[in-house]
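One structure below.
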Amino acid sequence: MSDGTLQLLLAIRRRLQTAMRRQTAAEVAFGLVVTLGVLAAFLLVGVAVEAGFWMGIGLRSVFFWVFVVGALALLGYFVVWPVLRLVGVVPGLDERVAAERAGHRHPAVADRLTALLDLADGRASAAPTPLVDHALHALGRTVEPVPFERTEDLQPVRRIAPWALAPLLGLLFFLIAAPTTFVGAVDRLFAPATDFQPPAPFFFEVEPGDVELARGEALAVAARPVGTDFPPDAVLELGRADEATQDQIRLTLGEDGRFAHTVPNVRADLRYRITAEGVTSPWYEATVVTRPVVNGLNVSLQPPRYTGLRTRSLAPGIGDVLALPGTQIRVTVALGGEPPEEAMLLVNWSEQAPTPVSLTVEGQEATGVFTLQREGEYEIRLVDANGRTNQNAVRYRLATLRDAPPQITLVEGAENVLAETARRARFRITDDFGFARVSLFWRFAERRDGEAEADFRRVSIPLDAPRRLDQEVLTDWLPRDGSRTPQPGDVVEFYGEVRDNDVVSGYKAARTPVFTLRYPSLDEQYDQLDETQEETEDQLETIQDESEEFQERFEELRDELRRDPEPDWEDQRQLDQLMQQQESLQQQTEALTQQMENLLEQMQEGALVTEETMRLYEAMQQVMEELDSPELREALEMLRQAMEQMDMRQMMEALDEIEFNEEEFRERMERALELFERLQTAQELDEAARRAEDLAEREEALSEATERLQEQQQGEQNDEASEGEPSESEQAEGEPSEGEQQEGESGEQSEGEPQQGEQSPQDAAAERERLAQEQAQAQEEMEELQELIEQLQERMEEQRGAPTEEMQQMMEQMQQQNLPQQMQQNQQQLQQNQLQDAQQGQQQMQQQLQQMAQQMQQMAGQMSGEQSQLNMQAIRRVLDDVLTLSEEQERLADETGGLPSRSPALRPIAQQQVELAEGLAIVSDTLQALAREIPQMTYEVQRLSHDGLREMGQATERLADLQPGPASGHQKTAMTHLNDLALMLSELLNQMQQGGGGGSGMSMQQMQQQLQQMGQQQQQLNQQMQQMLNQMAGERLTESQQEQARRAAAQQEAIRQQLQELMQEGGQGLDPQTRSALQRASDQMRQIERELRGGRLSEETLQRQQNILQRLLDAERSVNQRGREERREGRTGEDEANPDRPDRLPPTDTESDRLRRDLIRALESGYAPDYQDLIKRYFERLQDRAGSN
80 MSDGTLQLLL
90 AIRRRLQTAM
100 RRQTAAEVAF
110 GLVVTLGVLA
120 AFLLVGVAVE
130 AGFWMGIGLR
140 SVFFWVFVVG
150 ALALLGYFVV
160 WPVLRLVGVV
170 PGLDERVAAE
180 RAGHRHPAVA
190 DRLTALLDLA
200 DGRASAAPTP
210 LVDHALHALG
220 RTVEPVPFER
230 TEDLQPVRRI
240 APWALAPLLG
250 LLFFLIAAPT
260 TFVGAVDRLF
270 APATDFQPPA
280 PFFFEVEPGD
290 VELARGEALA
300 VAARPVGTDF
310 PPDAVLELGR
320 ADEATQDQIR
330 LTLGEDGRFA
340 HTVPNVRADL
350 RYRITAEGVT
360 SPWYEATVVT
370 RPVVNGLNVS
380 LQPPRYTGLR
390 TRSLAPGIGD
400 VLALPGTQIR
410 VTVALGGEPP
420 EEAMLLVNWS
430 EQAPTPVSLT
440 VEGQEATGVF
450 TLQREGEYEI
460 RLVDANGRTN
470 QNAVRYRLAT
480 LRDAPPQITL
490 VEGAENVLAE
500 TARRARFRIT
510 DDFGFARVSL
520 FWRFAERRDG
530 EAEADFRRVS
540 IPLDAPRRLD
550 QEVLTDWLPR
560 DGSRTPQPGD
570 VVEFYGEVRD
580 NDVVSGYKAA
590 RTPVFTLRYP
600 SLDEQYDQLD
610 ETQEETEDQL
620 ETIQDESEEF
630 QERFEELRDE
640 LRRDPEPDWE
650 DQRQLDQLMQ
660 QQESLQQQTE
670 ALTQQMENLL
680 EQMQEGALVT
690 EETMRLYEAM
700 QQVMEELDSP
710 ELREALEMLR
720 QAMEQMDMRQ
730 MMEALDEIEF
740 NEEEFRERME
750 RALELFERLQ
760 TAQELDEAAR
770 RAEDLAEREE
780 ALSEATERLQ
790 EQQQGEQNDE
800 ASEGEPSESE
810 QAEGEPSEGE
820 QQEGESGEQS
830 EGEPQQGEQS
840 PQDAAAERER
850 LAQEQAQAQE
860 EMEELQELIE
870 QLQERMEEQR
880 GAPTEEMQQM
890 MEQMQQQNLP
900 QQMQQNQQQL
910 QQNQLQDAQQ
920 GQQQMQQQLQ
930 QMAQQMQQMA
940 GQMSGEQSQL
950 NMQAIRRVLD
960 DVLTLSEEQE
970 RLADETGGLP
980 SRSPALRPIA
990 QQQVELAEGL
1000 AIVSDTLQAL
1010 AREIPQMTYE
1020 VQRLSHDGLR
1030 EMGQATERLA
1040 DLQPGPASGH
1050 QKTAMTHLND
1060 LALMLSELLN
1070 QMQQGGGGGS
1080 GMSMQQMQQQ
1090 LQQMGQQQQQ
1100 LNQQMQQMLN
1110 QMAGERLTES
1120 QQEQARRAAA
1130 QQEAIRQQLQ
1140 ELMQEGGQGL
1150 DPQTRSALQR
1160 ASDQMRQIER
1170 ELRGGRLSEE
1180 TLQRQQNILQ
1190 RLLDAERSVN
1200 QRGREERREG
1210 RTGEDEANPD
1220 RPDRLPPTDT
1230 ESDRLRRDLI
1240 RALESGYAPD
1250 YQDLIKRYFE
1260 RLQDRAGSN
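Now the structure itself:
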C-alpha cells in the first residue's frame, strides 16, 4: 500500500472515529433530557404531595429511594451505557457500524465506506496489491469530500425536550410562588429519616428583638401574631440567662393587634420570649450598656440682621423652631451617661440626605449653631468611644415664617394732568421689616414730535428711614429727555416700585399700577375750562329757578296764614316742603362753591387768564359763598315753632323775616349771575388773546421751519449745479479748490451736525407735508377763534362799559384779513413747494395775529381799568353820601333826644327823617347796582344799608307817634349802621386800589425808578443768556450750564415778582396800553422761567427776553410822560363829580363837613397811614357820641 493511500485511509478512519463520538454524544444528550424530565416530574409530584400533606418517614423514604434508584437507572441506561460502547467496553459500536450509518445518512457514500474498510482489511479481494491500492485510493477520493462524520440524529432530543421542560418549569414556578413552602418540602423529602412536625398556624414578630439598653432605661416589648387562629392571650417569659426560673407575664392582645408590655428600669442583662398555645418565639437578649444621654435642651434664635429683631430663647426642652429663613439657631445640649466621643445635629432639609452639624463638647454641654434655610427637621446624635449612640432620638420640627412682600400705594401725584414743571409723587410704603430701595419708573408713552419709548426710566426716591415699617416717601420729578421737557400732546406713564430688605431670600418687590399723565393742549385746557364754566352757570340758573319756586310757595303759605291765622295740617305740610326746598338750596349752594374752587384751580394751573381776571374770580368765589342764607333757615324754624305754639304775633314776625331774607337771597342770586356773566366776558377775552398769541407763535415756528427747508433745498440745487462745472483746481495738481476748502471749513464748523443738502427728496417732501398739516390744523383753530370772538362780541354788546367799538373795529379788520383763507393758501403753497411765498405769508400772518392779541389785551385792560375807575368813583360818591347821612342822622338824634314827649317840634324832625331815609334808599339802590359790577363788595355792605333803612323807618314811626325817646334810639342805631357802612366802603376802596383797581399807591417817579431798575436787571440777564447760547454752539446743555440756567430762571422770577408788585401798587396809574404790555411781559417772563428750568435755551428765548426789555423801556417812557402831564394838571378828585346830581344831598359848610372832605381827598390820594388813623378816630368819635346820647 502506497503512502498516499495509507494517509488517505488513516484520515478516513479518524473521521469515522469522530462520527462515532458524535453519535454517542447525541445518544447521551437524549438520555440526559429523558433523565431530567422524568426526575423533575417525579420531584414535582413529590414536592406537591409533601407540601400539601406532610408525609411521614415511610412515605418520604420510599420516595427518596425510588428517586435515587430511578435516577441511577436512567443515568446508567441513557448515559453510562452509550459511553461504554464508545470506548469499546461493550460491543455495539465500531468503524463498520459507523460506516453503515454514514451510508444510510449520506446516499453519496452508500456502501463505499464499507467496501473501503473491507479492502483495507483484505477481506474483499485477493487481487494484487497495486490494484487493491488503486481501488482503495479511488474509493477514498470518492468519499473524502462527503461529510460522513455528521451522522448523529438529534431529532429524538428535539421531540423529547418539551416534555422534559414542562416539569422543570413547574418546579421553577412553584419555587417562585411559594419559596418557603417549596424549600421546606424539598428539605423534608431529602431527609427521610428525620421526623418533621407540621408548623403552627401562626408565629410571633417580636420587637425590639436583641437590643442594647442604657442602664435604667425601660424595655418596651411588642409581639405581633402573624397567621391564623392565634389566641387572645400570650405569655411573656423574661429573666436572667443564668437563672433556671423565668418570670411569666400574661399579656392580652391589644386593639392594635399586638401583645405589649414595658419592663421599667432595666438595670441588668436579661432575655425574653413570647409563648402561646405551644408556639414560642426565639429567645432575645436585652443587654444593659452605658450610652450617651440627652438630659436637657436649650435653643436660642438670632433673627437675620436686616430684621432688626433681638435674639430670643425658647423654653427649656422646646426644640421645635418657627422663624424666618436666615435665622441663626444655637442649640445647647445637656449631656448625661457615657461621655460622647462625637456629638452632632442631623439636619434634614425636605427629604434630602441629613446634613451633620458638629457640636462642641465642653464638660456636660454640647453646643452647635446652624442657619435655618427652609422647612425640615433635626435630631441630636451622640456617639461614645464604643460606637454606641443615644437611643430614641427626638426629631424636632423646623418651620419657616414668611417675610411678606412690601406694599406700595400712590397717595399723591396721580392727577391726569402733565405740565412743564416738576410734579410731586407721594407714595405710602409698608413692610414687616424694612426697605432697601424705592424708585419711580417713567417713560414717554406718546410724543407729539417723536416716537414713544419702550423702556421705563428710573428715578431713585430718597429713603430717610429704611427701618420705618409704615411711611410716606415723596419725590419731585420732571419727565425729561435730555433738555426736552413735556410738551402739549405728550403722554407719560409712570409707576412706583419698592423693594424690601430681605437679603436672605432675595429682595421682594411691589409695584403700583401704571398711571398715565397727559399734557393737554391749549385748546383742550380752554375747552375743559368752558365746560366747567357752563356747569357753574347751569347750577346758578338752577338755584335761581328753585328760589323763584320757593318764593311762589312762600307767598302762597303767607297769604293762607294771613287769611286764616290758625294753621292746619296743610299749612304744616307746605312749611315742611319749604324747609326741604331751602335745605336743597343750601346743598346746591355748597356744591356751587366747590365748583367755583375747581374753576379757580383750572385757571391757576394752566395760567389761562391774566392776574387781574384771576383776582376777580377769587372775589367771585366769595360772592358764591355768600349765597348761603342761615338767616332764612332760622326764620323758617321760627315760623315752624310759632305754628306749633299757635303764636300769632310770632308767626307774623317770622313771615316778615322770611320775606325779607328771601328777597335778599334773590338779590344775591341775581347779582351772582350778572357778575358771573361779566367775568365770563373777561375770561373769554383773555382766552381769545391767549389763543391768538399761541397761533402767532405757531406761525412763527412754521416760518422758521419753512426757512430751514428752503435753505436745504437751495443748498442741494447749488451742489448739483457745481458738480457739472469743472473748477480751476481740477487742472492744478496738489492745489485744493476753493470749494473744497469751504467744504472742509464748513465740515469742521458743523462737526457732529447734519450737513446742508444731506436731506433726501423724500424727506423734504415729507417735511413739506408735515408743515402743511400743521398749517391746516392752525386754520381749524383760527376758525374756532373767529367763532369765539363773534360770541364774545355779542356778549360784550349786552354789557355796560364794554369796549364794543374797539371790538367791532377788530372784527372788521379780521374780515378783511381773512386769516383762515390765508392759512389755506399757505397750506397749498407748502404742498406745491412754493416755500418762499409760504414763508412770507407765515410771517405776515404771525404779525397780524400778534397785533390781534395785543388789541384784545388792550381791550381787556381798558374794560377792567375804565370800569374799575368808574366803580371807584361811584364808591367815593356813595362814601361821601354815607358820611353826610351819618352826620345829619347824628344831628337829628341829638335834636330828638333833647325834646320832650308829645312835642310839636317832633313833626318837622320826622319830615327830615323821611328825607334822610329817602337819601339812604338812593344809596342802597346805588350799592345794589354797584354790587353787580364789583365782585369784591361783600353782601354785608348791602345788609348794613338795609338795616339803616329799617332803623330809619322805625324812627319815623316813633316820631309820628311823638315818642322822642324810642325815636332817638332808632336814630342812633341807624347812625351806627351808617358808620359801619362807611368803614366797609373805605376798606373796599382801599382793597380795589391795592388790587390794581384803584389809583396809584406810589408816585410816578417811584414807578419810573422801579421800571428803570427792572430794565437794567433784565438787560444783564439777557447778556448772560446770550453768552450761554454762544457757549452751547448747537450742543445740549451740560450739567454746569443747566445749573446756570436754573439760576437764571430764579433771577427772571425775581424780576417778574417785582413787576407784579409794581402793577398791584400802581397799576391804575398806567394807561391801559402800558398796563397790557406789562402784563404781556409778565406772561413772557413766566414762559421763559419754564424753559430755563427745563434746560431749554434757544434763539426764541433770547427774542422773548428782548421783547420783555423793550416793553419795560416803553413803559418807563410812558410813565415819565404821564408824570409830566399830571404835574401840569390841576386837582381833580371830587371836583370832577357833578354837584347837581339828583341823588346828591346838599353840602354843608360846617367843620365836620370840611373834615369829611379832607378824608375823601385822603382816600383818593391812596390812603396814607395817617389818614387811615384819622378815619378810624373820626368814626370812633361819632360812635361814642351816638352812644352817649
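Numbering (the numbering used here), first residue to last: 80 to 1268.
We put the beta carbon where it would ideally sit given N, CA and C, even for glycine.
Under the DSSP definition of a beta bridge, which residues are partnered with residue i?
i           : result
residue 508 : 487 and 550
residue 427 : 456
residue 291 : 366
residue 353 : 315
residue 371 : 416
Taking just the CA atoms, how far does residue j sit from residue i?
i            : j            : result
residue 877  : residue 714  : 37 Å
residue 933  : residue 1051 : 54 Å
residue 905  : residue 924  : 10 Å
residue 1284 : residue 657  : Here the chain has residues from 80 to 1268 only, and residue 1284 is not among them.
residue 767  : residue 867  : 7 Å
residue 119  : residue 130  : 16 Å
residue 94   : residue 180  : 13 Å
residue 1192 : residue 1180 : 19 Å
residue 424  : residue 335  : 33 Å
residue 540  : residue 571  : 18 Å
residue 567  : residue 559  : 14 Å
residue 913  : residue 863  : 27 Å
residue 975  : residue 999  : 19 Å
residue 591  : residue 534  : 17 Å
residue 289  : residue 365  : 6 Å
residue 950  : residue 659  : 39 Å
residue 753  : residue 1140 : 30 Å
residue 1272 : residue 710  : No information on residue 1272 is available, as it lies outside the stretch 80 to 1268 that the chain covers here.
residue 859  : residue 543  : 52 Å
residue 952  : residue 1038 : 36 Å
Just mark residue i as buried or exposed, buried being the case when its beta carbon has 16 or more other beta carbons within 10 Å.
i            : result
residue 296  : buried
residue 396  : exposed
residue 1117 : exposed
residue 957  : buried
residue 1076 : Any answer about residue 1076 is weak, because its pLDDT of 41 lies below 50 and its placement is not dependable; what the coordinates show is given next. The residue is buried, with at least 16 neighbouring Cβ atoms inside 10 Å.
residue 256  : exposed
Assuming the contact rule is C-beta atoms closer than 8 Å, residue i and residue j should be a hit. Round their C-beta distance to whole Å, please.
i            : j           : result
residue 385  : residue 285 : At roughly 55 Å, the Cβ-Cβ gap does not stay under 8 Å, so residue 385 and residue 285 are not in contact.
residue 408  : residue 440 : Not confirmed; about 18 Å, so no contact.
residue 1002 : residue 960 : 5 Å
residue 370  : residue 416 : 5 Å
residue 165  : residue 99  : 6 Å
residue 310  : residue 355 : 5 Å
residue 329  : residue 308 : Actually they do not touch by this definition, with Cβ atoms about 19 Å apart.
Discussion item. Whether or not the region 659–670 and the region 619–626 are in contact is what I'm after, with contact meaning three or more pairs of Cβ atoms, one per stretch, closer than 8 Å; do they touch?
Written reply: yes
Worksheet item: Do the region 773–783 and the region 840–857 make contact, defined as three or more Cβ pairs closer than 8 Å?
Response: yes
Worksheet item: How do the region 1117–1131 and the region 1163–1171 stand: do at least 3 beta-carbon pairs fall below 8 Å, yes or no?
Response: yes
Discussion item. Closer than 8 Å is the cut-off here; do at least three beta carbon pairs connect the region 1021–1030 with the region 1047–1064?
Written reply: yes
Worksheet entry | Contact the region 898–917 vs the region 729–747: 3+ CB pairs below 8 Å | no
Fill in: At least three beta-carbon pairs within less than 8 Å, the region 373–385 to the region 576–595
yes
Discussion item. Under 8 Å: do the region 427–439 and the region 514–530 share three or more Cβ pairs, one atom per stretch?
Written reply: no
Worksheet item: Counting Cβ pairs, one atom from each stretch, are 3 or more of them under 8 Å apart for the region 386–395 and the region 471–481?
Response: no
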